[in-house]
Amino acid sequence: MYIEKDDQYAVECQLKIAPDCIKTGEFCETNEDAVEWVEEECWIYSGEGWICTQCNLQIFQNIGDLKRRQRLPKD
7 MYIEKDDQYA
17 VECQLKIAPD
27 CIKTGEFCET
37 NEDAVEWVEE
47 ECWIYSGEGW
57 ICTQCNLQIF
67 QNIGDLKRRQ
77 RLPKD
C-alpha cells in the first residue's frame, strides 16, 4: 500500500504489529523509488503488501512463543 503526501510517496507496512513498527517507509519522489527504499531496507513483500523488518521479527517471535507453549506440559 502506498501513501501519498505532498507529491511524495511511501510504502506502508501491511501488518503494524510490532511495538517498534515504523508504519511507513521513507517518502520518495515516485512509487518506484519508495519500493526501492523498502527493498534496500529488507522489507518483505507478502504478495499483498510490504512487511517491515520489525514486524517480520515480531512474527517469528510469536511463532517461537507458540512453539514453546505447545511443548509445555498441560496441567
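Just so you know, the sequence shown maps onto residues 7 to 81 in this note's numbering. All C-beta atoms, glycine included, are put in the ideal place defined by N, C-alpha and C. None of these values were measured; they are calculated from a predicted model.
To the nearest angstrom, report how far apart C34 and G55 are at their CA atoms.
C34 and G55: Cα-Cα distance of roughly 18 Å.
With DSSP as the reference, please indicate the residues paired to Q14 in a beta bridge.
According to DSSP, Q14 bridges with K11.
Name the two residues that bound the continuous alpha helix (DSSP H) containing T36.
Note, T36: premise wrong, no alpha helix (DSSP H); not H, not E.
Per the DSSP calculation, T30 is bridged to which residue(s)?
Answer by DSSP bridge pairing, in chain order: E18.
Tell me where the alpha helix (DSSP H) around C48 begins and ends.
Element bounds for C48: n/a, residue is neither H nor E.
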